[in-house]
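Peer 1: By the count of the numbering used here, the sequence shown reaches residue 965 at its end, each step adding exactly one. Backbone N, C-alpha and C fix where the C-beta goes; we use that ideal spot for every residue, glycine too. Just so we're clear, the structure is a prediction, and the values are computed from it rather than from any experiment. Below is one structure. I have some questions about it.
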Amino acid sequence: MSKRQELRAPALELNQANGLLELNERYREIFRSIVETYLETGEPVGSRHLSRQLPMTLSPASVRNVMSDLESQGLIYAPHVSAGRIPTQTGLRLFVDGLLEVGSIEETEREQLERQLLRDYHREHAVTSEVLAEAGDLLSGLSRCAGVVLAEKQVSRLKHIEFVSLDSKRALLVLAGDDGSVENRVLNLPEGLPPQALVEATNYLNAKIRGVTLPEAREKIEGELKARQAELDALTAKLVRSGLAQWSGGREDNRSLIVRGQSRLLNDLRAVEDLERIRLLFEDLESQKALIHLLDLAEKAEGVRIFIGSENNLFSLSGSSLIVAPFQDHERKIVGVLGVIGPTRLNYGRIIPMVDFTAKLVSRVLA
Numbered sequence: 599m600s601k602r603q604e605l606r607a608p609a610l611e612l613n614q615a616n617g618l619l620e621l622n623e624r625y626r627e628i629f630r631s632i633v634e635t636y637l638e639t640g641e642p643v644g645s646r647h648l649s650r651q652l653p654m655t656l657s658p659a660s661v662r663n664v665m666s667d668l669e670s671q672g673l674i675y676a677p678h679v680s681a682g683r684i685p686t687q688t689g690l691r692l693f694v695d696g697l698l699e700v701g702s703i704e705e706t707e708r709e710q711l712e713r714q715l716l717r718d719y720h721r722e723h724a725v726t727s728e729v730l731a732e733a734g735d736l737l738s739g740l741s742r743c744a745g746v747v748l749a750e751k752q753v754s755r756l757k758h759i760e761f762v763s764l765d766s767k768r769a770l771l772v773l774a775g776d777d778g779s780v781e782n783r784v785l786n787l788p789e790g791l792p793p794q795a796l797v798e799a800t801n802y803l804n805a806k807i808r809g810v811t812l813p814e815a816r817e818k819i820e821g822e823l824k825a826r827q828a829e830l831d832a833l834t835a836k837l838v839r840s841g842l843a844q845w846s847g848g849r850e851d852n853r854s855l856i857v858r859g860q861s862r863l864l865n866d867l868r869a870v871e872d873l874e875r876i877r878l879l880f881e882d883l884e885s886q887k888a889l890i891h892l893l894d895l896a897e898k899a900e901g902v903r904i905f906i907g908s909e910n911n912l913f914s915l916s917g918s919s920l921i922v923a924p925f926q927d928h929e930r931k932i933v934g935v936l937g938v939i940g941p942t943r944l945n946y947g948r949i950i951p952m953v954d955f956t957a958k959l960v961s962r963v964l965a
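Following this line, the structure appears as structure tokens:
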């Protein structure tokens, strides 16, 4: 029996159990070749080109028949009349989930990430935010996309806390770390709080928190307040609790978003449509609230998460992809995510292990 006869099988079948299209060998190889060629060149792929590079003997006419079936199932389409075919977003998702072969990070990229991130972390007075910013820069440079990092705002060990009056109802809470970092929050004051309470709260906290981490300080202060060991009246104690609660985590304004290398997205534009897509992507990136929400979703799962095009409302117009992975602190608690944003025509096989390795390396650094 010839190979051509062996491959005569149902074109496409829908597996109702998982909702994925199952392709027989001929369809799978043609579909894989279309996607891989498109990801490499950005150009539509024609039947004549495919018939020459497939690992099986098929005429251009036979290839066109398969491409027609793939198109009818919404996996590929022709961007222009009489053009070859490129994958749809549905097709890209099928490829990434079921056909993509993901290897290990390239050795040169591994060495560069380890050298620069470990060097920065061991540098005297290194700030965690600087390490995360460096991770975003490195991912942007290696992927030639925009690097993104979302993390809880952190101060390593506390040096000073101060309440500064803004008006009769609000105060600014300033938190300084011994690594030189400074964070601040505006908080509402308890009704009837006397003016001297801000000074009392500042002095009380600074006598207790110097040299400890914020979680340690919170636990210590809460313990004293519950045990009624604090030399504070009820309103001042309420102010102290309110100030500490500003860093309790899980709040949108307690998140730090870093986006690096947006200009690199302009390096590989091939048409006017690409320029418009990048313009829309820049608008998406300006909508930090939506991006933070999307990255929050990625934190809830282990390993690398991939969002492709209109699968998410944030990228519904720009048709972009986001590849991210969570990273952990010394307590193995997920404290952020990092990754890259770029066009859907990404080298997924190369970037996925790069993002995964960088997240694990940052977890190692923060430990």
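With DSSP as the reference, label Pro788 as helix, strand or coil.
Peer 2: Residue state, collapsed to three classes: coil.
Peer 1: By Cβ distance, which residues of its chain are closer than 8 Å to Asp714, with the 5 residues on each side in sequence left out?
Peer 2: The displayed chain sequence assigns Gln, not Asp, to residue 714. Only Glu732 and Leu736 meet the Cβ criterion.
Peer 1: Curious, which full-length alpha helix (DSSP H) runs of at least 4 residues does the region 757-829 contain?
Peer 2: 794-807 and 812-824
Peer 1: Leaving aside the five residues before and after Lys757 along the sequence, list all residues of the same chain whose C-beta is less than 7 Å from its C-beta, in chain order.
Peer 2: Ala774, Gly775, Asp776 and Arg808
Peer 1: Below 8 Å on the Cβ atoms is my guess for Leu920 versus Ile939; work out the distance and round it to an integer in Å.
Peer 2: 5 Å
Peer 1: Does the Cβ-Cβ distance between Val772 and Glu760 come in under 7 Å?
Peer 2: Between Val772 and Glu760, the gap from beta carbon to beta carbon is short of 7 Å.
Peer 1: Whether or not the region 656-674 and the region 889-907 are in contact is what I'm after, with contact meaning three or more pairs of Cβ atoms, one per stretch, closer than 8 Å; do they touch?
Peer 2: no
Peer 1: Does the Cβ of Glu929 have 16 or more other Cβ atoms within 10 Å, making it buried, or fewer, making it exposed?
Peer 2: exposed
Peer 1: If you reduce the DSSP assignment to three classes, tell me which class Ala965 lands in.
Peer 2: coil
Peer 1: Which whole runs of the alpha helix (DSSP H) in the region 689-730 are 4 residues long or more, in chain order?
Peer 2: 705-720
Peer 1: Could you tell me if Val838 is buried or exposed, where buried requires 16 or more neighbouring beta carbons within 10 angstroms of its beta carbon?
Peer 2: buried
Peer 1: List in chain order: all unbroken alpha helix (DSSP H) runs of 4+ residues lying wholly within the region 613-669.
Peer 2: Taking only runs of at least 4 residues, the alpha helix (DSSP H) segments lying wholly in the region 613-669 are 623-639 and 645-651.
Peer 1: Give the list of continuous beta strand (DSSP E) stretches no shorter than 3 residues that lie fully inside the region 884-930.
Peer 2: 903-906 and 918-926
Peer 1: Which one of Thr942, Lys824, Ala888 and Gln926 has the shortest CA to CA distance from Ala957?
Peer 2: Ranking the options by Cα distance to Ala957, first place goes to Gln926.
Peer 1: With distances taken Cα to Cα, identify the nearest neighbour of Glu623 among Glu638, Pro642 and Leu656.
Peer 2: Across the set Glu638, Pro642 and Leu656, the C-alpha of Leu656 shows the shortest separation from the C-alpha of Glu623.
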